[in-house]
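Shown next, in structure tokens, is the structure this report addresses.
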Amino acid sequence: TFPHSPRWRKEDVTYRILNFTPDMLQADVEEAIAKAFQLWSSVTPLRFTRVYSGHADIMISFASGFHGDFYSFDGPGGTLAHAYPPGNDIGGDAHFDEDENWTKFTTYSGYNLFLVAAHELGHSLGLGHSNVFGALMYPIYMAKDTRDYRLPQDDIDGIQALYGPPRESPALPTKASPPQQPTEVTPAEEPTEVSPPEAPTEPTPSKAPERPEDCDPRLTFDAITTLRGEILFFKGSFVWRKSPYFSAIEHDTISSFWPALAGGFDAGYEVDKKDRVLFFKDGQYWAVSGYNIEPGFPQPIQNLGFPSSIRRIDAAVHDQNTKRTYFFVGNKYWSFNENTQAMERGYPRKIAADFQGIGHSVDAALQRNGHFYFFHGPNQYEVDIKSKKLISKMRSNSWFNC
Amino acid sequence: FPVVPEEEREDVQLAKKYLESFYDFKEEKSSLLKSKGLDQMAAKIREMQSFFGLEVTGQLNRKTLDMMKQPRCGIPDVRSYS
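Protein chains in written order, with our numbering: chain G, 1 to 402; chain Y, 1001 to 1082.
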């Protein structure tokens, strides 16, 4: 770290991209920077939100030569970028030398913006340089394959020494309910959930999390969505892919589809008429079409009409008949009109008031064959979309031919 | 082969600038203290060689100069921005 170990004294840190390099598409710059932030948020409790005006904790800009601080850039090569440790004003800001050739690739004809941004944002969060060859915070640029880039152990140890591990430990079967939600009183017939053990305070040794067994009866999911006729089940960085064309369940990682979103989701849903899937993580959401993340994302969930008090959502599901999308947060839900692109009046409403038999929060939601499937812990509840009546209760992984 | 005098002078300039930027080296301007400045520079070269796991000689050998010419981050290796 820097002397006196400056760090952000909060978990919600904002960033703003002040300008763009002409070397790359704006969307590619946005994706590289979002992916760089995701690298650090996936191993700490930190959450990063992009703002588009005013002051942000981390102001990101491209400049060449003298650019207003005491450390002028030096033309092509040499110094590529620099960033300041956490603090007011220039504290946390990251500057990139416009005299370099920036690229989203890992060729040798330019510098990969994701790799350099990930390094500089390490400084913006309070990390100094590492002399461990191959560490992200090693001072010298080294071109690497960024498709499935994983933070080296030395960097994880460093950042967790400042901020600790992420809130929920990916290996635990239950999804930690969002801290600001009221604790749910589960109805008597529900099995009492084993509350996850306290997350350890010392830095978590970063063992790569293991994929749970398909037929583990305790299996739970973070998010579920349809996508072009298939169903994708998400947990941590893992994906289970159920296709109508093949009987076997395919096992993937999120980074193999959307490298910039490798850290996982809270919710996802498909608007099939638009061939568009929206993914939610903390206070942001992304729109993807197939493998492509649409330009201009991530955006804050407030753009959909959520009040600023809502920091994340638990689940989302779209009903293509009514063109409504339901968002679930704690024991309430909102209805979003996809035609008008606005939240409907009279919401949020209590889930239990409208969906008979669903007396708790929803971890993930899916619509299929005229039914909703609401997932809560290791169970799922099949509900008739029209009558909103509970039809049956099953194990969450009943889709995996167990 | 021996390094030609002109190239050697450029390398020393590059090394001084590198050590000032990243290892908090302050060049002695007064000629009276020239020898002290050379000792200081040798000490900073040793510090840089040690950081990068190079052989610690205090001399500007080829490997040390090559490392100084690598593209890198503008943050100092041994102390933060004041």
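Note that the Cβ used here is the ideal one computed from N, Cα and C, for glycine as well.
Only a predicted model underlies this, so the values are computations on that prediction, with no experimental measurement involved.
Task: Met24 of chain G in three-state terms, based on DSSP - done: coil
TODO: Give the interface partners of Ile1075 of chain Y over in chain G, defined as CB-CB distance under 8 Å, in chain order.
DONE: His82, Ala83, His123, Gly128, His129, Pro139
- [ ] Have a look at Pro348 of chain G and Trp334 of chain G and give me their C-alpha separation to the nearest angstrom.
- [x] 5 Å
Task: Where Asp1011 of chain Y sits in the DSSP three-state scheme - done: Of the three classes helix, strand and coil, the one that applies to Asp1011 of chain Y here is helix, per DSSP.
Open item on the list: Buried or exposed, going by whether 16 or more other CB atoms sit within 10 Å of the CB of Arg147 of chain G?
Closed with: exposed
TODO: Please check the pair Asn58 of chain G and Ser124 of chain G, which I expect to be a contact at CB under 8 Å, by giving their CB distance rounded to whole angstroms.
DONE: Per the sequence shown, the amino acid found at residue 58 of chain G is Ile instead of Asn. Their Cβ separation, rounded to whole angstroms, is 5 Å, which keeps Ile58 of chain G and Ser124 of chain G in contact under 8 Å.
Open item on the list: Measuring straight from C-alpha to C-alpha, what distance separates Cys215 of chain G and Glu250 of chain G?
Closed with: If you take the alpha carbons of Cys215 of chain G and Glu250 of chain G, they lie about 14 Å apart.
Open item on the list: Could you check whether Val317 of chain G and Phe372 of chain G sit closer than 9 Å to each other, using their CB atoms as the reference points?
Closed with: yes
Task: Val1003 of chain Y versus Gly296 of chain G: straight-line alpha-carbon distance, rounded - done: Legend: pLDDT at Val1003 of chain Y = 46, less than 50; position of this residue unreliable, no value from coordinates given.
Task: When G:Tyr381, G:Asp28, G:Ala315 are compared against Phe355 of chain G, the one with the closest alpha-carbon - done: G:Tyr381
Task: Buried or exposed by the 16-neighbour rule on C-beta atoms within 10 Å, applied to Ser130 of chain G - done: buried
Open item on the list: Considering just the uninterrupted stretch of the beta strand (DSSP E) at Met59 of chain G, what are its terminal residues?
Closed with: 58-63
Open item on the list: Using only the alpha-carbon positions, how far apart do Arg1046 of chain Y and Arg1062 of chain Y sit?
Closed with: 14 Å
Open item on the list: Taking the alpha carbon of Gly158 of chain G as the reference point, which residue from G:Val132, G:Phe327, G:Gly54, G:Asp145 has its own alpha carbon closest?
Closed with: Residue G:Val132 is the option with its Cα nearest to Gly158 of chain G.
TODO: Taking Tyr149 of chain G as the query, report the chain Y residues whose CB atoms sit under 9 Å from its CB, ordered along the chain.
DONE: Residues of chain Y whose Cβ lies closer than 9 Å to the Cβ of Tyr149 of chain G do not exist; the shortest such Cβ separation is about 17 Å.
- [ ] Would you check if the distance between the CB atom of Ala81 of chain G and the CB atom of Gly1053 of chain Y is smaller than 9 Å?
- [x] no
Task: Residue span of the beta strand (DSSP E) that contains Asp222 of chain G, given as start and end - done: Premise fails: Asp222 of chain G is in no beta strand (DSSP E) and is neither H nor E.
Open item on the list: Using 9 Å as the threshold, is the C-beta distance between Lys323 of chain G and Glu338 of chain G below it?
Closed with: Glu338 of chain G sits close to Lys323 of chain G, with the two beta carbons spaced by under 9 Å.
TODO: Determine the closest residue to Ser109 of chain G out of G:Ala143, G:Asp89, G:Pro85, with distance taken between C-alpha atoms.
DONE: Closest option to Ser109 of chain G, Cα to Cα, is G:Ala143.
TODO: Report back the beta-carbon spacing between Pro298 of chain G and Ala32 of chain G to the nearest angstrom; my notes put them in contact at under 8 Å.
DONE: Not quite, the Cβ-Cβ distance comes to about 13 Å (not below 8 Å), so this is no contact.
Open item on the list: Contact between the stretch 64-79 of chain G and the stretch 44-56 of chain G is defined here as three or more beta-carbon pairs at a separation below 8 Å; is this criterion met?
Closed with: Taking 8 Å as the limit for Cβ pairs, the verdict is that the stretch 44-56 of chain G does not touch the stretch 64-79 of chain G.
- [ ] Look at the alpha carbon of Val1012 of chain Y and the alpha carbon of Gly78 of chain G, and state the distance between them as a whole number of angstroms.
- [x] Those two C-alpha atoms are separated by around 16 Å.
- [ ] Could you give the DSSP three-state label for Tyr1018 of chain Y: helix, strand or coil?
- [x] In the structure shown, Tyr1018 of chain Y falls within a helical segment according to DSSP collapsed to helix, strand and coil.
Open item on the list: Give the list of continuous beta strand (DSSP E) stretches no shorter than 3 residues that lie fully inside the stretch 84-135 of chain G.
Closed with: 94-97
Task: Cβ-based neighbour list, Arg120 of chain G, same chain, cut-off 6 Å, excluding 5 preceding and 5 following - done: A small correction: the amino acid at residue 120 of chain G is Glu; Arg does not occupy that position in the sequence shown. Excluding residues within five positions, the ones whose Cβ falls inside 6 Å are Ala81, Ala83, Ala94.
Open item on the list: So, for Tyr71 of chain G: in the same chain, excluding its five sequence neighbours on each side, which residues have a beta-carbon less than 7 Å away from its beta-carbon?
Closed with: His82
- [ ] Kindly indicate which residue of G:Phe221, G:Ser42, G:Asp12, G:Ala248 has the alpha-carbon position closest to the one of Pro152 of chain G.
- [x] G:Ser42
Open item on the list: Taking only three categories from DSSP, how would you classify Asp1077 of chain Y?
Closed with: Asp1077 of chain Y: coil per DSSP, three-state reduction.
Open item on the list: Beta-carbon within less than 8 Å of Glu230 of chain G's beta-carbon, same chain only, minus the 5 sequence neighbours each way: which residues are those?
Closed with: In chain order, Arg241, Lys242, Ser243, Pro244 place their CB closer than 8 Å to the CB of Glu230 of chain G, counting only its own chain and leaving out the 5 sequence neighbours on each side.
TODO: Please determine, among G:Gly236, G:Ala27, G:Arg311, the residue with the shortest C-alpha to C-alpha distance to Pro166 of chain G.
DONE: In this structure, G:Gly236 is the residue among G:Gly236, G:Ala27, G:Arg311 with its C-alpha nearest to the C-alpha of Pro166 of chain G.
- [ ] Within the same chain, show all residues whose beta-carbon is closer than 6 Å to that of Pro179 of chain G, passing over the 5 residues directly before and after it, in chain order.
- [x] For Pro179 of chain G, the predicted model reports a pLDDT of 33, less than 50, meaning its position is unreliable; a value from the coordinates is still stated below. Excluding residues within five positions, none has a Cβ falling inside 6 Å.
TODO: Return the residue from the list G:His4, G:Ala223, G:Gln160 that minimises the CA-CA distance to Pro85 of chain G.
DONE: G:His4
TODO: Could you round the C-beta distance between Leu46 of chain G and Glu11 of chain G to whole angstroms and report it? I think they count as a contact, below 8 Å.
DONE: 6 Å
Task: Unbroken beta strand (DSSP E) run spanning Ala315 of chain G, endpoints - done: 315-319
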